[in-house]
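Notes follow once the structure below has been shown.
Residue numbers (the numbering used here): 109 to 339.
So, in structure tokens, the structure goes:
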């Protein structure tokens, strides 16, 4: 498999994550110190620092999880797909969608999640039971949210970009939600799109060769490859 990685993009956002996290923790500390002072006139400043620090810490955590913590989600995907031949091309942070696989069996858009524990997906409903561990690790894990909606948005952006920049043919990117944490337990009931663990991703892709829809001819695949690698 060929891997195309936007190293500069990742490096810049890693720096943003580190600086934002460090500054936010300093602001939170300042807010905590001010809040323990006896001067009530300083209370608004303490609350402002705590609020600003909390928001900044969440932003920093977002970047840290994607661009600093090892292995990064794109690295987990690349490792899981290792062994596929050179007709398979993985693009990380190169295109309007963050993680894209171009292959003979289709064009795939991967949305990643790093949650651990039990996750239940029923149609378009994504749920993770609350527990105290989640509360104390709030900054180390992102909110589950609705990965299906995020995947659909990425697919739409990629389709629009292809239409604006590429050859005149129709291609339908296929969204896949990929969980990258080792200790996640997935229960999938009639999900609106494929949901897989990273360790099962290569097998999932191989099985798509049996599907009637989504396959790309060599001509289309090569045209998309030139578009993705030269634009």
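Beta carbons are placed, not taken as given, at the ideal position from N, Cα and C, and that holds for glycine.
Cβ-based burial, residue i [other Cβ within 10 Å; buried from 16]
i	result
residue 141	exposed
residue 244	In this predicted model, residue 244 has a pLDDT of only 48, less than 50, meaning its place in the structure is not dependable; the value taken from the coordinates is given anyway. Looking at its Cβ environment, which holds fewer than 16 other Cβ atoms inside 10 Å, residue 244 is exposed.
residue 205	buried
residue 137	exposed
residue 194	exposed
residue 233	exposed
residue 181	buried
residue 283	buried
residue 271	exposed
Beta-carbon proximity check, residue i vs residue j, cutoff 8 Å
i	j	result
residue 171	residue 125	yes
residue 322	residue 331	no
residue 293	residue 190	no
residue 213	residue 199	no
residue 256	residue 286	no
residue 281	residue 216	yes
residue 299	residue 229	yes
residue 164	residue 131	yes
Bridge partner(s) assigned by DSSP for residue i
i	result
residue 282	216
residue 142	BP columns for residue 142 are empty, so no partner.
residue 340	Only positions 109 to 339 of the chain appear in the structure, and residue 340 is not among them; the question remains open.
residue 211	214
residue 200	113 and 207
residue 304	286
residue 221	287
Residue i, DSSP secondary structure in three states
i	result
residue 112	strand
residue 176	coil
residue 244	A caution first: residue 244 carries a pLDDT of 48, below 50, which makes its placement in the model too unreliable to give a value.
residue 149	helix
residue 135	helix
residue 340	The displayed coordinates of the chain run from 109 to 339. Any statement about residue 340 would go beyond what the structure contains.
residue 288	coil
residue 324	coil
residue 159	helix
residue 361	The displayed coordinates of the chain run from 109 to 339. Any statement about residue 361 would go beyond what the structure contains.
residue 312	helix
residue 276	coil
residue 195	coil
residue 267	helix
residue 332	helix
residue 166	helix
Whole-angstrom C-beta distance between residue j and residue i, which should lie under 8 Å
i	j	result
residue 178	residue 224	Actually they do not touch by this definition, with Cβ atoms about 16 Å apart.
residue 176	residue 220	Not really, about 15 Å apart at Cβ, beyond 8 Å.
residue 335	residue 273	6 Å
residue 129	residue 188	About 28 Å separates the two Cβ atoms, so there is no contact after all.
residue 112	residue 197	7 Å
residue 201	residue 114	4 Å
residue 333	residue 210	6 Å
Cβ-heavy atom distance, residue i to the ligand NAP, below 7 Å
i	result
residue 178	The model depicted lacks the ligand NAP and carries no ligand whatsoever.
Residue-chain proximity (residue i, chain C), Cβ-Cβ < 8 Å
i	result
residue 190	Judged by its chain identifiers, the structure shown contains no chain C, having just a single protein chain.
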